[in-house]
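Scroll down for the structure; my scribbles are underneath it.
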Amino acid sequence: MVIRYCVRRASTVASNNTSKNKNGRIPKPKEKSHTGRPRYRRTEIVSEKLCNDIADRLRDTLPAPHTCDLIDINPSRGTWSRKLHDLLQPRRHVLVEPALSSYSDHLTPLLNAKDSKYRHAVLLEDALHPDSGLLSKQVTSQVDDSNYATNPNPSLLITANLSGANLKMSNYAGTQSRKFFDDLYLSLWKIRSNIHRYGLVRLLVWIPDDEKDAYIPRTVSARRKQAVMLEASYKISEVAGTSTHTKTTRLRRWPELDREDAARVAAKEAAAGYRTPVSRRDTTPLPHLLSVEPVPKEIRKVAFTTDAEWVPQFLELEHRLRKGDAAWFKKYAYVKYPPRGVLDTPDRRAWRELRRRAKTAYTTHMKAVGLINEERQLVSEWKKLLLNASGSDKPLQPQDEERLKSHAESLNAQVKKLNRTNRSFAEKAIDDCRAYDMDPPVMAWNQREAEPLIVHDGEFEPHELPMALLDVVPRPEFLFRIDTHDRMVCFGHVVRQLYPYFAKSVAEGLKSLVHEGLEDFAATVPGIHDPTRGGWYDLSAFRVRALPADMFVEIALAYERWPFRPSTESILMLGADPQATYSLGDDD
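Residue 427 in full-length UniProt numbering sits at position 427 of the sequence shown, with consecutive numbering throughout.
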C-alpha cells in the first residue's frame with residue numbers, strides 16, 4: 001500500500017511560530033544562525049515608501065477592488081498588510097498571526113474597527129477551513145467545483161512573511177521559507193497543506209533576501225532541487241530585493257551575459273510602460289576585470305568588477321615607477337622581455353611579476369571567452385537549422401549534422417584543455433548561455449519581464465537584514481502532465497536522484513537513475529537529443545543543470561513508464577523518513 005503523508009495542521013510555519021514565553025511575547029534573539037540572522041526575531045517591513053512602490057508595480061496584475069479575500073500570514077506590525085488592504089479592499093482580510101499579543105498595538109485597532117474586514121486566525125488551517133467562517137462564501141463555495149483543483153482562483157490571494165526562527169522538527173530542520181515552499185509544491189496534490197483547497201491561488205511571499213537564490217537562482221550553478229520543482233510547477237518572479245552586485249561570484253552569471261540580459265529587460269520595461277523610480281533601479285552590470293587589458297591606463301579608465309587584491313598594488317606600483325624610475329619605466333615597462341640584472345630594484349621585479357601574472361590571466365580568460373562565444377554561436381546555428389528543417393518538412397542534411405557535431409567535439413576538447421579555473425568559468429558560462437538562449441528560457445530569472453525593485457538599508461527592521469518579495473503563481477499545465485500519484489512520486493525521485501549530478505553530464509545523471517540500459521532509456525525521453533528543446537546530440541557533452549524544467553518532467557514521465565524502475569512503494573521507502581520522502585528541500 002502506498003504511504004501517503006498528510007499533515008493535519010495546514011501551516012507548519014504558522015504553528016511553529018506559536019511558541020511564546022509566559023507573557024505571550026515572542027522570545028528575544030538569543031543567538032545568531034550561520035547566516036548572521038537572529039534565530040528568534042521576525043524581520044519587519046517598516047518602509048511605507050517601499051510598500052507604495054511595490055503596490056504601483058503590482059497594481060495592474062492584482063484583482064480589482066472588492067473582488068477577493070486576502071489571507072495574510074505573519075503580518076507583524078501590518079505595514080505591508082495595510083498597503084495591500086488599501087489597494088485590494090478585500091471582502092475579508094484574515095490575519096494569520098500566532099503572536100497577536102506581541103503586535104496588539106498595531107493589529108488590534110484594525111480588527112476592532114467599525115465594519116472591519118479584518119479577521120484573526122492563529123493557524124493557516126483555521127483561516128482555510130470552511131466551517132470557521134473567516135473566508136467569504138465566494139471563496140469557500142468553489143470547493144464544490146469539480147475543476148477547482150486545476151483552475152486558478154483569483155478570488156483568493158495569500159501573502160506571507162517567512163522570516164524569523166528556523167524550524168526544528170522530527171523530519172526537518174531549516175528555514176521557514178524552505179519548508180513553506182516545499183509544502184507549497186505538495187499542496188498541489190492536497191498533501192501537507194490545504195493552500196490550494198479552493199483552487200490554485202497566487203501568493204506574494206516575503207523571504208530573507210539571502211534565501212531567494214534557492215527559489216529563483218540567477219545562474220545554473222546556484223540551481224538546486226527545490227528550484228527545479230518550483231520552475232516546473234509555479235511561475236515565480238522577484239518583485240523586490242537587493243542588487244545582483246551584492247551576490248558572490250558563485251551566485252552570479254558571466255557579466256557579459258548579465259549586461260545582455262539587462263538590455264533585454266530594459267527594452268521590455270519600456271515597451272510595457274513601466275515607470276520604475278530612479279532609487280529602485282539597479283546599476284548596469286560591470287564587466288569583469290579579467291576582460292580588461294591589464295594596462296594601468298585601461299584599468300583606470302574602465303569600470304569593472306573584481307575582488308582581486310593585486311589591482312590597487314599594481315596601480316600604486318605603476319605610479320611609483322613612473323615618478324621615481326621614469327627612464328626605466330618609459331623604456332622597459334611594457335616590452336615583452338624587460339632586462340634583468342644586478343641593477344634590478346624590488347619595484348622593478350614586483351612590476352614584472354605582477355604584469356606577467358595579470359597578462360597571463362587576461363590572455364587565458366579571453367581564450368575561454370572566445371570558446372564560450374563560439375559554442376553559443378554553434379548551438380544557435382544548430383537550432384536554427386533544425387527549426388528551418390521542421391518548417392519545410394525536410395530533415396537536417398547529413399553533411400550539416402556531421403559538420404556541427406565535429407565542431408562541437410572540437411570545442412568540447414578545447415574547453416577540457418583549459419586550466420581548472422578557466423574551465424570551470426567556461427563550463428558555467430556555456431550552461432548559463434544555453435539556459436538563457438532557450439525558448440522559453442530556462443529558470444524563472446531569465447524569464448522576467450521587469451527588473452526587481454531595489455530595496456535599501458533602513459526599510460526593514462533589523463536594518464541589516466533586507467528581504468525580497470516573490471510573486472508565486474501556480475502553473476495549471478503542470479498538473480495536467482504530472483496527473484497521477486505515481487507520476488508525482490517519480491518526478492520527485494528523478495529530481496532528487498539527479499541533483500548530485502547537476503554539475504556533471506546528463507549521461508552520468510541518467511546512469512544513476514536507470515543504471516544499465518542508458519541508451520534504451522534515453523530513447524524514451526522526447527527531446528533529450530533535440531537542441532531546440534534543451535537537449536543535445538551527445539548526453540556526455542552537456543550538464544544536468546542546464547536542462548529545462550520541462551525536460552525534467554519528460555524524464556520523470558519516461559521513468560514512470562520504464563519497466564525496470566523500482567515500484568512506487570520502494571521509491572517512497574528510499575527516504576530516511578518514508579512519510580517525508582516527498583520533501584524536495586536541499587540538504588546542503
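A virtual CB, placed ideally from N, CA and C, is assigned to each residue, including glycine.
- Between the alpha carbons of T108 and P466 lies a gap of roughly 27 Å.
- Look at L62 here: in three-state DSSP terms it is coil, with no helix or strand label.
- Less than 8 Å separates the beta-carbon of C68 from that of L156.
- In this structure, the CA atom of L290 is about 7 Å from the CA atom of A361.
- Taking a C-beta distance under 8 Å as the contact criterion, A444 and S237 qualify as a contact pair.
- Under the three-pair Cβ rule at 8 Å, the stretch 481-491 does not count as touching the stretch 79-90.
- Excluding the 5 residues flanking it on each side, L469 has same chain C-beta neighbours closer than 6 Å at W206, V239 and A240, in chain order.
- Listed in chain order, the non-local C-beta contacts of F502 below 6 Å within the same chain comprise V544 and R545, local neighbours out to five positions each way being set aside.
- In the structure shown, I299 falls within a helical segment according to DSSP collapsed to helix, strand and coil.
- S163 and I45 have their alpha carbons spaced roughly 11 Å apart.
- The closest CA to that of P208, considering only Q176, P255 and I71, is found on Q176.
- In this chain, the alpha helix (DSSP H) harbouring L411 covers P398 to K417.
- Where Y234 is concerned, the enclosing beta strand (DSSP E) starts and stops at Y234 to G241.
- Membership of M573 in the alpha helix (DSSP H) is indicated by the continuous run T568 to M573.
- With respect to the 8 Å criterion, T568 and D486 are classified as neighbours on the basis of their beta carbons.
- Membership of D69 in the beta strand (DSSP E) is indicated by the continuous run D69 to I73.
- The beta-bridge partner set that DSSP reports for G535 is empty.
- The residue among K137, R403, Q447 and K428 with its C-alpha nearest the C-alpha of L251 is K428.
- R320 and D347 have their alpha carbons spaced roughly 8 Å apart.
- In this structure, L70 keeps its C-beta atom at 8 Å or more from the C-beta atom of T140.
- Three or more beta-carbon pairs drawn from the stretch 122-139 and the stretch 186-199 are found closer than 8 Å, and the two stretches are therefore classed as touching.
- Under the DSSP assignment, D261 falls in the alpha helix (DSSP H) whose first and last residues are P255 to A272.
- In this structure, DSSP gives E508 a helical state, which the three-state scheme calls helix.
- Only residues of its own chain outside the window of five on either side were considered, and among them C68, D69, L70 and K117 have a CB closer than 7 Å to the CB of P90, listed in chain order.
- DSSP places I372 in the uninterrupted alpha helix (DSSP H) bounded by P346 to S392.
- Contact check between the stretch 513-525 and the stretch 413-421: fewer than three CB pairs, one atom from each, fall below 8 Å, which does not count as touching.
- Judged by DSSP in its simplified three-state form, Y337 adopts coil rather than helix or strand.
- The beta carbons of R481 and L572 sit about 21 Å from each other, so the pair does not count as a contact at 8 Å.
- In the three-state reduction of the DSSP assignment, V455 falls in the coil class.
- Annotation: V495 is outside any beta strand (DSSP E); the continuous alpha helix (DSSP H) that includes it extends over H485 to L498.
- Between P152 and G199 a beta carbon distance of about 6 Å is seen, short of the 8 Å cut, so the two are scored as contacting.
- Relative to the Cα of T242, the nearest Cα in the group H407, R281 and R355 belongs to R281.
- In the three-state reduction of the DSSP assignment, G78 falls in the coil class.
- Considered as a whole, the stretch 415-444 harbours 420-437 as its complete alpha helix (DSSP H) runs of no fewer than 4 residues, in chain order.
- If you ignore the 5 residues before and after P548, its C-beta comes within less than 7 Å of the C-beta of M438, V442 and G534, all in its own chain and listed in chain order.
- For T140, there is no enclosing beta strand (DSSP E); the residue is found in the alpha helix (DSSP H) stretching over K137 to T140.
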